[in-house]
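Going by our numbering, 266 is the number at position 249 of the sequence shown; the sequence numbering is gapless.
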Amino acid sequence: MLNVTDLGEGTTVFWIHAFPLASSMFEGQLAIRGVRHVMPDLPGFGQSRPDGGALSIDDYARTILDLLDHRGIDRAIFAGVSMGGYICLALARLAPKRLRGLILIDTRETADTAEARAGRLVSIEKVKKEGVRPIVDAMLPKMLTPAAPREMKDRVREIMNSSTPEGVIAALHAMADRPDSTATLATIDVPTLIVVGEEDTITPPADSERMKAGIAGASLTRIKGAAHLSNIEKSAEVNRVIASFVAGLS
Ligand code: MLT
Numbered sequence: 018m019l020n021v022t023d024l025g026e027g028t029t030v031f032w033i034h035a036f037p038l039a040s041s042m043f044e045g046q047l048a049i050r051g052v053r054h055v056m057p058d059l060p061g062f063g064q065s066r067p068d069g070g071a072l073s074i075d076d077y078a079r080t081i082l083d084l085l086d087h088r089g090i091d092r093a094i095f096a097g098v099s100m101g102g103y104i105c106l107a108l109a110r111l112a113p114k115r116l117r118g119l120i121l122i123d124t125r126e127t128a129d130t131a132e133a134r135a136g137r138l139v140s141i142e143k144v145k146k147e148g149v150r151p152i153v154d155a156m157l158p159k160m161l162t163p164a165a166p167r168e169m170k171d172r173v174r175e176i177m178n179s180s181t182p183e184g185v186i187a188a189l190h191a192m193a194d195r196p197d198s199t200a201t202l203a204t205i206d207v208p209t210l211i212v213v214g215e216e217d218t219i220t221p222p223a224d225s226e227r228m229k230a231g232i233a234g235a236s237l238t239r240i241k242g243a244a245h246l247s248n249i250e251k252s253a254e255v256n257r258v259i260a261s262f263v264a265g266l267s
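Structure (structure tokens):
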């Protein structure tokens with residue numbers, strides 16, 4: 018069973034976290050009112066135990082669909098950051114009728130390049146030998162801008178360090194093998210909001226511009242002074258744009 022935070026009343030938003038983080042990366046989004054916030058920890062992250070086997074991005078999406086069924090939720094808005102966005106796009110392909118809306122934050126629709134994929138395989142070997150810390154140390158500087166407060170950097174490090182090696186290895190394999198979702202973009206027929214930090218170097222604004230061009234009617238907000246985890250670094254700005262998007266769907 019996944020650990021799930023389920024708080025608030027209103028339009029249901031499923032928040033799907035980035036790699037290698039956990040649902041606690043959305044602490045700041047709980048301030049958005051008029052929303053039922055459903056925030057699962059994916060297997061092996063946060064307080065969810067590892068699944069124990071190999072997983073694909075579609076497997077994570079199916080786990081989210083099981084959660085919807087389990088809670089009797091027919092449709093929801095899905096909001097995903099980075100890897101969470103890859104899972105949102107899998108949901109759009111596998112179960113389009115379950116979508117009320119989509120919020121794609123600091124993510125992209127394309128698959129890994131050969132170079133990125135090779136890098137994942139190196140990371141997997143590193144985690145097997147040294148645990149998650151080297152991955153966390155390498156990724157942390159790209160998650161937030163250098164100007165982010167020390168406590169924020171420490172909190173992100175703490176969340177990342179709570180990931181299990183099994184969960185991290187499974188997610189690295191899943192991301193390395195994920196399909197290109199370009200063709201899915203044209204099939205999305207629900208309101209879609211795209212958000213990206215202007216200083217995101219992992220999934221830069223150009224990726225978001227391309228997704229916007231591919232999804233009919235999508236809107237894009239670029240967040241100044243934020244890197245990859247824009248919802249953490251500039252939570253007030255991101256919450257404003259998300260609250261207004263959700264209110265428009267209620
Ligand atoms: C994430 O934030 O989920 C990861 O950086 C995504 C990735 O490595 O492709």
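Glycine included, each C-beta is placed from N, C-alpha and C at the ideal position. Bear in mind the structure is a predicted one, so any value in this text is a computation, not a measurement.
beta-carbon residue i near ligand 1 non-hydrogen atom, thresh 7 Å
i	result
F95	no
I232	no
M192	yes
M56	no
I81	no
F262	no
S99	yes
I219	yes
A7	The structure shown does not extend to residue 7, since the chain is modelled only from 18 to 267, so the question has no answer here.
A164	no
A35	yes
Nearest residue (CA-CA) to residue i, options the options
i	options	result
L237	G231, S247, H245 and S225	S225
T218	S247, D91 and A128	S247
I74	D206, R195, T162 and S261	R195
K114	A135, G97, F62 and R92	R92
N178	L157, I211, L202 and V263	L157
R88	L19, Y77 and A128	L19
L84	S198, V52 and M56	M56
T28	I90, H34, P67 and I232	I90
T220	M100, A193 and C105	M100
Neighbourhood of residue i by C-beta, 8 Å cutoff - its chain only, sequence neighbours within 5 removed
i	result
H54	T22, D23, L24, G25, V30, W32, F43, Q46 and L47
E215	P222, R239, I240, K241, G242 and A243
Buried versus exposed call for residue i [16 or more other C-beta atoms within 10 Å across all chains shown]
i	result
A187	buried
R125	buried
L266	exposed
K251	buried
S261	exposed
G102	buried
T204	exposed
G11	The chain is shown only over 18 to 267; residue 11 falls outside these bounds and no answer can be derived.
P166	exposed
Own chain residues within Cβ distance below 7 Å of residue i, not counting five before or after
i	result
S140	I152 and L189
R283	This structure leaves residue 283 out entirely; the chain is present only between 18 and 267.
Contact check, residue i vs residue j, beta carbons under 8 Å
i	j	result
L38	F62	yes
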